[in-house]
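Each residue of the sequence shown is one higher than the one before, counting from 926 in the working numbering.
Where is the CB? At the ideal position from N, CA and C, for every residue including glycine.
This structure is a prediction, so every number in the text was calculated from the model and none was measured.
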Amino acid sequence: MSNQTIESLEKRVQELEAQIEDYQKQLIHAQKMSSVGALASSITHEFNNILTTVINYAKLGLRHKEEERREKAFTKILSAGQRAAKITTGMLSYARGNESRQEPVDLQLLVKSVIALVEKDLSMNRVNLHTHFESNPEVVLNPNQIQQVLVNLIVNARQAMPSGGRLDIAVRINPESNMAEIIVRDSGAGIPSEQLHHIFDQFYTTKEADENGQGGTGLGLSLAKEVMEAHKGRIRVESAVGKGTAFTLKFPLSTAAIEAA
926 MSNQTIESLE
936 KRVQELEAQI
946 EDYQKQLIHA
956 QKMSSVGALA
966 SSITHEFNNI
976 LTTVINYAKL
986 GLRHKEEERR
996 EKAFTKILSA
1006 GQRAAKITTG
1016 MLSYARGNES
1026 RQEPVDLQLL
1036 VKSVIALVEK
1046 DLSMNRVNLH
1056 THFESNPEVV
1066 LNPNQIQQVL
1076 VNLIVNARQA
1086 MPSGGRLDIA
1096 VRINPESNMA
1106 EIIVRDSGAG
1116 IPSEQLHHIF
1126 DQFYTTKEAD
1136 ENGQGGTGLG
1146 LSLAKEVMEA
1156 HKGRIRVESA
1166 VGKGTAFTLK
1176 FPLSTAAIEA
1186 A
């Protein structure tokens, strides 16, 4: 084989690698937009509630001259504004570009930022959220990517409980593996064992098409697995039909966290 042929093949391989990288970015973006779409209705509803609260208490404050009534009205307005700021901060963080930069992050604070985005959606769908923060481990990660993984897992869990149910989210340090863990556990229908082995396969989905012909893309969990592997972590699943499903995200602790332990 001539040098010219080898150089031509090497160039073609480089072009294909660049195309694959571009397609991966497009898939990640598509999955993110799918998650945002699933939350859009509840977030809009929440902002309408916040605006109604602000307007009503502003009218109350203007109408009443008593200091106590006015102070109560302004306190309610401040609380509503802080709630709105919390949601927009979470959305802006979630919508940031697909940066590959990793940084030390308080895992508990990251999970709370995701909860701010999804709690109204869960409430509207009669899903009772229970949080368990046993510790606040520091992990080196890409916050945007892990937020995306978490939103996808939570949306999946909510969709697995169409009549409502219970969702538990926990953050802890596993002393046996010395890794930080985020656990997302639902009380949904569960996943049959024959499907469980394939759920991380690309384009494999357990979701049936809805009345509009829309079903799962099969991208979310395969991308979640790729993201966790890029963080030198793991994603594990346990499920029982009729009892529910639990996903565990496992992260290596940061050097500072290990030294502090």
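{"Item": "Cross-strand partners of Phe1176 (DSSP beta bridge)", "Value": "Ala1105"}
{"Item": "Three-state secondary structure (DSSP) of Pro1029", "Value": "strand"}
{"Item": "Neighbour-count burial assignment, Leu1178, 16 or more Cβ in a 10 Å radius", "Value": "buried"}
{"Item": "Simplified DSSP state of Gly1169, which is helix, strand or coil", "Value": "strand"}
{"Item": "Three-state class that DSSP yields for Phe972 in the structure shown", "Value": "helix"}
{"Item": "DSSP-derived helix/strand/coil call for Ile1040", "Value": "helix"}
{"Item": "Terminal residues of the beta strand (DSSP E) in which Ala1095 lies", "Value": "1090-1099"}
{"Item": "Distance between beta carbons of Gly1113 and Gly1145, contact taken as under 8 Å", "Value": "Not a contact, Cβ separation roughly 16 Å."}
{"Item": "Assigned secondary structure, Arg988 (DSSP; H/G/I helix, E/B strand, else coil)", "Value": "helix"}
{"Item": "DSSP three-state assignment for Phe999, whether helix, strand or coil", "Value": "helix"}
{"Item": "Beta-carbon proximity list for Ala1009, same chain, < 6 Å, skipping 5 on both sides", "Value": "Ile975"}
{"Item": "Residue span of the alpha helix (DSSP H) that contains Leu1063, given as start and end", "Value": "Note that residue 1063 corresponds to Glu in the displayed sequence, not to Leu. That residue, Glu1063, is in no alpha helix (DSSP H); its beta strand (DSSP E) goes 1063-1066."}
{"Item": "Close beta carbons around Thr1142, own chain, < 6 Å, minus the five adjacent residues each side", "Value": "With a pLDDT of only 43 at Thr1142, under 50, the local geometry of the prediction cannot be trusted, and the value read off the model is given with reservation. Correct list: empty, nothing qualifies."}
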